[in-house]
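A.B. asks: Just so we're aligned, residue 792 is where the sequence shown starts under the numbering used here, counting upward by one. All C-beta atoms in this analysis are idealised placements derived from N, C-alpha and C, irrespective of residue type, glycine included. Just so we're clear, the structure is a prediction, and the values are computed from it rather than from any experiment. Pasting a structure below so you can have a look.
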Amino acid sequence: MLKNETDTAPLAERMRPRTLDEFRGQEHLLGPGKLLRRLIESDQVSSLILWGPPGSGKTTLARIVANATSSHFIFFSAILSGVKDLRQIVKEAEEKQESIGRKTILFVDEIHRFNKAQQDAFLPYVEKGLLTIIGATTENPSFEVIAPLLSRCKVLVLNPLRKEEIESILRDCLADRERGLGERNLRAGDDAISYIAEQAEGDARIALNTLETAARLSAGEVIDLETARE
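Right, dumping it as structure tokens:
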């Protein structure tokens, strides 16, 4: 019997939050009454640049927007896609707008990898309101995103996750029987959880990758500090 994608995906991908309630961290943006939460919950997301370090939740937030919004949502990777792909996206967005009046949100992962001419290609469609851009970057957008595009986006700064937030993510993962390690009935000592969270340096993906490896190395039902260090 073939495993489905959920079974074979890395733990960090399986545990990616699907809703705001599952998300940990970035309280300055997602706490009660805060800007990004209000935009998502009211389905009024405007063009945004999400600036933060790896593992802070940029792509996850884009996916949450995709699940929560009534807009047509398209993922666009600066590594895998180019300007020529934008033509097809624009055509698709125009069809959605004309046929059912549905707007399109375009998530541009690693937007800083596009050069000036490539970034220029987005401008006409953002100005016309055909596309709402959500760009994700680990680099300072003031230097990496062209001024005309930057002026049409709100820049939101994401912080590295706090150690306590990562510890909470790890404990959620150990308890989650659907997507996490709950089916294995694994436990982890507080010192092991603390060590993994500290070593991750604010990156939830690193912490979950470490926990996944520790779970494989664990001979019994407990992930101890020694296993975490190894």
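1. Glu992 and Pro939 look like a contact to me (Cβ under 8 Å); what is the Cβ gap, rounded to whole Å?
2. Reducing DSSP to helix, strand and coil, say where Arg854 ends up.
3. If you draw a straight line from the alpha carbon of Ser933 to that of Leu941, how long is it in whole angstroms?
4. Scan the region 863-935 and note each continuous alpha helix (DSSP H) run of 4 residues or more that stays entirely inside, going in chain order.
5. Quick check on this structure: which residue in Arg1007, Val946, Thr1004 and Ile987 has the alpha carbon closest to the alpha carbon of Ala998?
6. Alpha helix (DSSP H) containing Leu1016: first to last residue?
7. Alpha carbon to alpha carbon, how far is Leu827 from Asp876?
8. Just the C-alpha distance for Gly824 and Phe898, rounded to the nearest angstrom, thanks.
9. What does the alpha-carbon distance come out to for the pair Leu839 and Glu818?
10. Does DSSP put Ala979 in a helix, in a strand, or in coil?
11. Count the other CB atoms, across all protein chains shown, that sit within 10 Å of the CB of Gln910; report buried if there are 16 or more and exposed otherwise.
C.D. replies: Short version:
1. Your numbering for residue 992 matches position 201 in the sequence shown. Your numbering for residue 939 matches position 148 in the sequence shown. Wrong, their Cβ atoms sit about 35 Å apart, outside the cutoff.
2. Indexing the sequence shown from 1 puts residue 854 at position 63. If DSSP states are grouped into helix, strand and coil, Arg854 belongs with the helices.
3. Residue mapping note: residue 933 aligns to position 142 of the sequence shown, counting from 1. Residue mapping note: residue 941 aligns to position 150 of the sequence shown, counting from 1. Those two C-alpha atoms are separated by around 8 Å.
4. Fully enclosed alpha helix (DSSP H) runs of 4 or longer: 874-891, 907-911, 914-918 and 932-935.
5. Within the sequence shown, numbered from 1, the residue matching residue 998 stands at position 207. Cα-wise, what sits closest to Ala998 is Ile987.
6. Residue numbering aside, residue 1016 sits at position 225 when the sequence shown is read from its first letter. Leu1016 -> alpha helix (DSSP H) spans Leu1016 to Arg1020.
7. The residue you call residue 827 lines up with position 36 of the sequence shown. The residue you call residue 876 lines up with position 85 of the sequence shown. Cα-Cα distance, rounded: 29 Å.
8. Your numbering for residue 824 matches position 33 in the sequence shown. Your numbering for residue 898 matches position 107 in the sequence shown. About 24 Å.
9. Within the sequence shown, numbered from 1, the residue matching residue 839 stands at position 48. Within the sequence shown, numbered from 1, the residue matching residue 818 stands at position 27. Approximately 17 Å, taken between the alpha carbons.
10. Start at 1 with the first residue of the sequence shown, and residue 979 comes out as number 188. Here Ala979 sits in strand by DSSP.
11. Your numbering for residue 910 matches position 119 in the sequence shown. By the neighbour-count rule (16 or more Cβ atoms within 10 Å), Gln910 is buried.
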